[in-house]
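Written below as structure tokens is the structure these notes are about.
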Amino acid sequence: MSGQRVYEFFTHSVEETQRLAGLFGKMARPGDVFTMTGDLGAGKTSFTQGLARGLGVTGVVNSPTFTIIKEYMGRMPLYHMDVYRMGDSLEDLGFDEYFYGDGVTVVEWPRMIEEQLPPERCEIAISRGEGDRRTILITPLGSRYEKLCEAIYDEYSGD
Ligand SMILES: Nc1ncnc2c1ncn2[C@@H]1O[C@H](COP(=O)(O)OP(=O)(O)O)[C@@H](O)[C@H]1O
Ligand SMILES: [Mg+2]
0 MSGQRVYEFF THSVEETQRL AGLFGKMARP GDVFTMTGDL GAGKTSFTQG LARGLGVTGV
60 VNSPTFTIIK EYMGRMPLYH MDVYRMGDSL EDLGFDEYFY GDGVTVVEWP RMIEEQLPPE
120 RCEIAISRGE GDRRTILITP LGSRYEKLCE AIYDEYSGD
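Right under this line is the structure:
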């Protein structure tokens with residue numbers, strides 16, 4: 000994909016990461032899919048918590064370590080998947096019902112189910128810097144996500 004724009008954000012605290020993520024939650028629409036990559040401790044779950052808050056989820060969002068999919072309710076459902084445990088068993092657990100459903104899906108460790116991901120999605124990659132610094136690279140795949148990222152980039156840098 001030549002010319003694919005990548006949006007780059009730098010945060011200095013978990014709160015800052017969650018404020019950015021909250022904008023995604025606020026502007027999310029049914030059927031949106033976000034993938035989260037990054038090493039352990041990078042901030043994938045922290046980002047998801049911010050996104051959940053932006054969606055109006057009031058309960059505690061934590062890593063779905065023992066279940067593959069956790070569901071929360073905000074102004075629409077949030078499906079939080081951590082498919083790390085699926086390993087090589089590329090079993091299809093009916094992911095499409097989530098991806099093309101009426102909620103927002105966040106997938107941690109998307110590489111495990113790469114073939115099953117929708118072609119249009121928003122890829123979020125977090126990497127650690129010194130201390131609490133993080134670099135967050137966001138790649139929108141599809142025009143829906145390009146518009147979303149553009150709007151968020153403007154809003155986030157604007158205040
Ligand atoms: N800028 C930052 N963005 C996100 N998390 C941060 C940041 N600075 C420090 N942290 C801390 O890093 C940890 C990230 O953990 P977590 O979100 O569970 O990572 P992951 O899900 O990627 O394994 C949390 O303890 C969080 O408070
Ligand atoms: Mg996690």
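For the sequence shown, numbering that gives the first Met the number 0 begins at 0 and goes up steadily by one.
Virtual Cβ for every residue (Gly too), placed ideally from N, Cα, C.
No experiment lies behind these values; they were computed from the predicted model shown.
How many angstroms separate the CA atom of residue i from the CA atom of residue j?
i, j, result
"V103", "P76", "6 Å"
"I125", "V5", "13 Å"
"V105", "T34", "6 Å"
"G93", "E15", "34 Å"
"P109", "V59", "22 Å"
"G157", "I68", "35 Å"
"A51", "Y155", "17 Å"
"R18", "Q115", "30 Å"
What are the start and end residues of the alpha helix (DSSP H) that includes residue i?
i, result
"S62", "Looking at the DSSP string, S62 is not in any alpha helix (DSSP H), and its letter there is neither H nor E."
"R161", "Given that the chain is displayed from residue 0 to residue 158, the structure contains no residue 161 and the question cannot be resolved."
"D95", "94 to 98"
Could you check whether the Cβ of residue i sits closer than 7 Å to any heavy atom belonging to ligand 1?
i, result
"A124", "no"
"K69", "no"
"T66", "no"
"T134", "no"
Taking 7 Å as the cut-off, is the CB of residue i close to at least one heavy atom of ligand 2?
i, result
"K146", "no"
"T36", "no"
"T104", "no"
"T44", "yes"
I need the boundaries of the beta strand (DSSP E) containing residue i, first residue and last residue.
i, result
"L140", "133 to 140"
"L50", "Careful: L50 lies outside any beta strand (DSSP E), inside the alpha helix (DSSP H) at 43 to 53."
"E7", "6 to 10"
"P76", "76 to 81"
"T57", "Careful: T57 lies outside any beta strand (DSSP E) and carries neither H nor E."
"E107", "103 to 107"
Quick one: is residue i buried, meaning 16 or more other Cβ sit within 10 Å of its Cβ, or exposed?
i, result
"Q3", "exposed"
"D38", "exposed"
"G42", "buried"
"Y99", "exposed"
"M72", "exposed"
"D81", "buried"
"S45", "buried"
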